[in-house]
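Below is one structure, written out as structure tokens, with a few remarks after it.
Residue numbers (my numbering): 20 to 259.
Shown next, in the form of structure tokens:
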């Protein structure tokens with residue numbers, strides 16, 4: 020029993036030192052990116068864009084739809100998807116393990132600000148520090164607004180303003196519930212759901228249904244409201 024205890028102790032210590040090394044490694048990566056481009060500078064660049072849409076100008080339905088399908092605990096968590104980070108760590112020991120997973124909106128914002136979309140351990144660990152910095156410096160509302168202003172909505176549209184104008188010819192605050200819920204589903208796979216062909220629109224409608232179901236699960240909508248929004252056309256001259 021004593022021998023087993025010693026072995027377990029050694030294994031635990033190895034894991035502790037390994038995690039400490041990984042944390043330090045990730046912090047160095049975080050500092051490297053931060054030195055080249057402080058996150059506050061990148062945020063200022065986004066917010067100073069003439070097409071920047073503030074949180075107060077965003078339709079409530081867009082906010083609820085995006086949170087429901089992308090990060091249902093966004094307004095409660097501290098910015099980090101610990102399960103995703105754990106998968107990245109475990110994949111270093113078990114290479115066959117799926118590395119990718121759902122990142123929080125805060126983590127996705129960090130990826131988009133720095134243009135880094137890797138799921139390797141190096142970036143995932145640095146991403147932890149970026150998420151913590153964002154959550155420490157900005158409110159949830161500010162983080163959400165930044166996110167929808169930089170995320171890819173397909174067809175070359177970066178941010179909600181370009182997507183609203185490009186797809187529907189109107190500003191974000193005038194989007195209908197149907198338009199909001201279909202846009203919220205696009206960032207998960209822009210090339211699949213961009214509204215550029217009849218085939219893609221049908222895929223986007225299927226994704227919209229998932230968005231609406233997620234909103235109903237969050238108690239934002241009831242079944243009659245879901246049915247009404249889903250049956251509403253997103254274009255006046257197009258039958259969905």
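Cβ atoms here follow ideal geometry from the backbone N, Cα and C, with glycine treated the same way.
A quick note: this is a predicted structure, and the numbers were derived from the prediction, not measured.
Residue i Cβ short of 7 Å to the ligand ADP heavy atom set
i	result
residue 240	This structure does not include the ligand ADP; it has no bound ligands of any sort.
Backbone CA spacing between residue i and residue j [nearest angstrom]
i	j	result
residue 228	residue 53	39 Å
residue 67	residue 57	16 Å
residue 182	residue 83	18 Å
residue 192	residue 77	5 Å
residue 101	residue 146	11 Å
residue 55	residue 196	40 Å
residue 173	residue 60	26 Å
residue 50	residue 105	21 Å
residue 88	residue 48	30 Å
residue 220	residue 204	11 Å
residue 251	residue 242	14 Å
residue 257	residue 237	Unreliable placement is indicated for residue 257, whose pLDDT of 47 sits below 50; the coordinate value is still reported in the next sentence. Cα-Cα distance, rounded: 30 Å.
residue 202	residue 175	14 Å
residue 223	residue 156	35 Å
Nonlocal neighbours in the same chain, by C-beta distance under 8 Å from residue i, ignoring five residues either side
i	result
residue 151	97, 98, 99
residue 4	Examination of residue 4 is not possible in this model, given that the chain is present from 20 through 259 alone.
residue 159	93, 94
residue 240	231, 234, 248
residue 177	169, 170, 171
Pair within 8 Å by beta-carbon distance, residue i and residue j
i	j	result
residue 46	residue 148	yes
residue 168	residue 65	yes
residue 179	residue 72	yes
residue 206	residue 162	no
residue 135	residue 154	no
Beta bridge counterpart(s) of residue i as assigned by DSSP
i	result
residue 171	177
Residues of its chain near residue i, where Cβ-Cβ distance is below 7 Å and the 5 sequence neighbours each way are ignored
i	result
residue 247	none
residue 200	80, 84, 227, 230, 231, 248
residue 209	171, 172, 173
Close beta carbons around residue i, own chain, < 6 Å, minus the five adjacent residues each side
i	result
residue 235	245
residue 130	136
residue 166	124, 128
residue 164	73, 74
residue 142	135
residue 36	Its pLDDT being 45, under 50, residue 36 is placed unreliably by the model, and the measurement read from it follows with that caveat. Hits under 6 Å: none found.
Quiz item: Hey, is the segment 170–189 in contact with the segment 206–222, meaning 3+ C-beta pairs nearer than 8 Å?
Solution: Flag = yes, the segment 170–189 and the segment 206–222 touch.
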